[in-house]
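With numbering that gives the first Met the number 0 as the guide, the letters of the sequence shown map in order to residues 0 to 871.
Yeah, the Cβ is synthetic: ideal placement off N, Cα and C, and Gly gets one too.
Report on the following structure.
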Amino acid sequence: MPTASPARWPRPTRARASSCAGPRSIRCTTSGSSSTRMCWPWWGGRAMSEAAVMHTDAFVWDVAALDASDSRRFGGKATGLARMVAAGIPVPPAFVVSTDAFRAFAEGGRRLPRGLHAQVDQAVAALGETLGRRFGGGAGAQPLLVSVRSGAQVSMPGMMDTVLNLGLDAAAAEWLIAQGRDRRFVIDTWLRFWKMYSEIVLGLDGEDFVEALAPVRARAESGALDLAALEQAVVTWLEEQGAESTATAPAEQLREAIAAVFRSWDSPRAKAYREHHGIPHDLGTAVTVQAMVFGNADADSGSGVAFSRNPNDGTPALYGEYLVGRQGEDIVSGAATPVDLSRDEPGYEELRRRLDGYADVLEALYRDAVDIEFTVQAGTLYLLQVRPAKRTAEAAVRIAADLVEQGMIDAATAVSRVSADQVRKLLRPVFDPAQLAAATPIARGIGSSPGQTSGIAVLDSDRAAERAAAGEKVVLLRPTTSPLDIRGMLAAEGVLTARGGALSHAAVVSRALDKPCVVGCEALVIDPDARAFSTGGRTWHEGDAIAIDGGSGEVYAQAIALAAPEQASDGLERLLQAAEAASGAQVWSQGLGASAAPGLGVVSLTDIAGSLGRLQDMAQRVRDVGRGGGAQAEQALADIAQALAAPALAAAGQRPLHVRIPVVASARARVLLPDWEEFDPHLFLPMGNPAYIRAWLCGLDAAARAAGRHITVLLGGLVEDGEWRLFREAAASFAAVEPGVLVQNVAALEQAPAMLAGGAQVWLDMDELVHSAYGSVSVPNVAGAVLDAYVAQGAISARPDARLRPFLRALVQALVQARGHNGEPLGAACGAQVLPELAGELLRLGVHRFSVPHEQRDLIRLMLGQQATAQG
0 MPTASPARWP
10 RPTRARASSC
20 AGPRSIRCTT
30 SGSSSTRMCW
40 PWWGGRAMSE
50 AAVMHTDAFV
60 WDVAALDASD
70 SRRFGGKATG
80 LARMVAAGIP
90 VPPAFVVSTD
100 AFRAFAEGGR
110 RLPRGLHAQV
120 DQAVAALGET
130 LGRRFGGGAG
140 AQPLLVSVRS
150 GAQVSMPGMM
160 DTVLNLGLDA
170 AAAEWLIAQG
180 RDRRFVIDTW
190 LRFWKMYSEI
200 VLGLDGEDFV
210 EALAPVRARA
220 ESGALDLAAL
230 EQAVVTWLEE
240 QGAESTATAP
250 AEQLREAIAA
260 VFRSWDSPRA
270 KAYREHHGIP
280 HDLGTAVTVQ
290 AMVFGNADAD
300 SGSGVAFSRN
310 PNDGTPALYG
320 EYLVGRQGED
330 IVSGAATPVD
340 LSRDEPGYEE
350 LRRRLDGYAD
360 VLEALYRDAV
370 DIEFTVQAGT
380 LYLLQVRPAK
390 RTAEAAVRIA
400 ADLVEQGMID
410 AATAVSRVSA
420 DQVRKLLRPV
430 FDPAQLAAAT
440 PIARGIGSSP
450 GQTSGIAVLD
460 SDRAAERAAA
470 GEKVVLLRPT
480 TSPLDIRGML
490 AAEGVLTARG
500 GALSHAAVVS
510 RALDKPCVVG
520 CEALVIDPDA
530 RAFSTGGRTW
540 HEGDAIAIDG
550 GSGEVYAQAI
560 ALAAPEQASD
570 GLERLLQAAE
580 AASGAQVWSQ
590 GLGASAAPGL
600 GVVSLTDIAG
610 SLGRLQDMAQ
620 RVRDVGRGGG
630 AQAEQALADI
640 AQALAAPALA
650 AAGQRPLHVR
660 IPVVASARAR
670 VLLPDWEEFD
680 PHLFLPMGNP
690 AYIRAWLCGL
700 DAAARAAGRH
710 ITVLLGGLVE
720 DGEWRLFREA
730 AASFAAVEPG
740 VLVQNVAALE
750 QAPAMLAGGA
760 QVWLDMDELV
770 HSAYGSVSVP
780 NVAGAVLDAY
790 VAQGAISARP
800 DARLRPFLRA
810 LVQALVQARG
820 HNGEPLGAAC
830 GAQVLPELAG
840 ELLRLGVHRF
850 SVPHEQRDLI
860 RLMLGQQATA
870 QG
């Protein structure tokens, strides 16, 4: 394996947060003298003089002179370069066209604004002066080649356009060859540019370009054809394709490339990505123009991407890939299998050591895990880009927790960096262990985005989106992916490719989407035209079942059921404890499997009856009591109550337990209880049948006494304080029972301060309160997407379950104030789809106890912590 010469590696400054607070000058030697000033660590270059630094007041800025904190104006790419320059990290010099120019472009009919051309010309001339090169073509001087890259404030990997190797024309290419540069290398560099330019700027098919020019290229590489003829062949092909521009002058090509990058902001794939991630459409993009370095220059060159921490699981170790003798786009395209920098592969120890050092510096600057694009040219390392690393949910949680322990960020920052969606994904189901043990993988690739999923195999992105929209679970199979596949990738449950490494397009985008992904599965032959895939002499077709494991890389030609994970990660629990400390809230569970919950709250005895298969039995005993069955019927219902309370008491252990008596008049009872309409009408009133209440209290008291503890019993459906007083009197005969109230309507909420003053423990049933306040269909029975569409339609101003109506807010405030007088606890019982806006509003009003479904508990703990830190 070729390796770079250790003597030529630039040495990084090992810095921590305390030593990387801002820009600093770098000691360098220029023209035989030593001076302290900003210089570019560049092959054959010169220090940047005062005159070479641009002082434009409009659109174009030297990255060494811009405000690195203003990423909205200059984009993440340029501000990252500015930070690296200030930290003494070797980067090729660059300038940025700001988002001010993009907005002028968008508002001016998608034309570059007046004055930009002159500023770009001045900037590129300064770039050439810095390096002792000339931009604009022609012979007689070392040509300056540049890359033209997008750079929005928020990273959108693979969604925006890039043009590389811009700056050659036929005369300049011939001059390079005459100076001793390898003829094949020069032609490859030049035609790589033309391929990208024809695709991105002119909207033509780059593969058609490569195929059409192949014969002419072969003659030019052999020396049988001069490069002027090769350039004419390119122009002829462009004219035949109806290209709007056939400019060969680099200055004009640069202007066209900048406009094309601006246009790519509004491409369908970029819009779809922003909508999926909630990125505002009005941010716009900057354009960074940077001097090229070449990973394909010779055997001591290469390109790669490195992460300061593993983006799959958050392990604090260098993770990355390096392609020898290739340019950076070859990593992203997945066209070749790279060197794995996370392994101790011989010959790359020094490269890993240097990248480790720079990663330490950059983590200290960003206070976060970063990913780095780099190129080695003729044995010298250059960093081309840095940004906060895209990561999976598992990695996000671990990195946030680890950075707190390392003192790089505080707990509030850590909590804000992990989204509820990431926690939801971390708790997502995994392959059923029994089915997995019986399954045999048909192939194994590179697990590049963790997660396990099953679905039908679909080999085309558009069909994947269509079948997913029809309700099918889809796994997208492709030889490799490109930005054109984003629609299918968004719709699919997971992605599988035959080629590419862990930093290919498929891997990077899947990781950003947090979808299971397996790449580089070379044993699998994927034929999109035949809609089939095969390995080992067997063939499967589109529509057949497939399962993939994005962690292990294993592929199965069958469906494997999913099951709940056995436990969450240690990093997640550390993060959630920090969230709880920030919010000061207690989050109880309504389920019986909540081993870590501080208490079990508002547990439904009806739900327990259903899980034990005793729902009909319970309904019959309720019916008997309502029919006046006397002491025998009452005892039978008490026996069922005792049996239902036993598992709840066992699950609670010594923690508080609050159970709710079934309310026969509730909407749930209408659905769950057979022959509901035949029940005694007195049962539809909370205290309408004293025997019914007495039976439940008797059975629950017996269960609590058998467990040697107390139990809080909640009665719902009340509308006045008088009902509460009757319930309290009924409960007074049972020593192990503490009575409480479940507020389910606006009338009861108005009366709740009086109930609280009378000693009631009060819980707010938020689903029923929202329903009571709106008087429309019960919110839990309407899917969130339907409610969102209703809001978008303009029918209502906001989702009913997203915020409290003003009169509800006032009533809750009054109840919180009443609680403050007597110190009695107040809780909110929330349904399965708790929105962070509503939970946060309750927290702000002073509600600090929440009861939620067990599977939602961790999400609510995080949401409340984030709400509290945002307020603070």
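At the level of alpha carbons, what is the spacing between residue i and residue j?
i	j	result
L126	G378	23 Å
T412	R613	48 Å
I859	L648	24 Å
M0	L502	No answer about M0 holds up, because its pLDDT of 32 lies below 50 and its placement is not dependable.
G793	V153	30 Å
E767	A827	11 Å
V323	A869	46 Å
E220	I455	47 Å
R848	F532	54 Å
A368	I398	7 Å
G319	D359	15 Å
K270	D99	20 Å
A729	R693	7 Å
G550	F806	50 Å
G79	A117	25 Å
S48	Y196	Here S48 scores only 37 on pLDDT, less than 50, and its place in the model is too uncertain to base an answer on.
Would you identify the three-state DSSP class for residue i, choosing helix, strand or coil?
i	result
G621	The question names Gly, but residue 621 is Val in the sequence shown. Here V621 sits in helix by DSSP.
H709	coil
A86	coil
H853	helix
H540	strand
Y555	strand
Q870	helix
H657	strand
Y381	strand
S97	coil
I547	strand
Y347	coil
G864	helix
R477	strand
Q812	helix
V846	coil
S24	Confidence at S24 is low in this model, with a pLDDT of 25, below 50, so the placement of that residue is unreliable and no value is reported for it.
A531	strand
F184	helix
E320	strand
P680	helix
G31	Bear in mind that the predicted position of G31 carries a pLDDT of just 30, short of 50, making it unreliable; the figure below should be weighed with that in mind. It is coil, neither helix nor strand.
Checking 7 Å against the spacing of the C-beta atoms, do residue i and residue j come in under that value?
i	j	result
D160	S263	yes
L495	V517	yes
L713	G739	yes
V892	R654	No answer is possible for residue 892: the residues shown for the chain start at 0 and end at 871.
G294	Q252	no
G470	G500	no
V260	T245	no
L361	R351	no
P449	N311	yes
E372	L383	yes
E836	R808	no
S588	A596	yes
Our contact map puts residue i next to residue j with C-beta atoms below 8 Å; I'd like the distance itself, whole angstroms only.
i	j	result
V95	G150	7 Å
T284	F73	In fact, because the Cβ distance is near 11 Å, the residues do not count as touching under 8 Å.
A838	Q855	Between Q855 and A838 the Cβ distance is about 10 Å, and since that is not below 8 Å, they are no contact.
V422	V851	Incorrect: roughly 13 Å between the Cβ atoms, too far for contact.
G444	V338	So it is not a contact: roughly 17 Å between Cβ atoms.
Residue ranges of each beta strand (DSSP E) within the segment 727–790, 3 or longer: 736–742 and 760–764
Runs of 4 residues minimum, wholly inside the segment 257–307: which ones carry the alpha helix (DSSP H) assignment? 267–276
Uninterrupted beta strand (DSSP E) stretches inside the segment 487–518 (no shorter than 3 residues): 493–496 and 516–518
Could you name each continuous beta strand (DSSP E) segment of 3 residues or more that falls completely within the segment 115–155, going from the start of the chain to the end? 145–151
What residue ranges within the segment 204–255 form continuous beta strand (DSSP E) runs of no fewer than 3 residues, ordered along the chain? none
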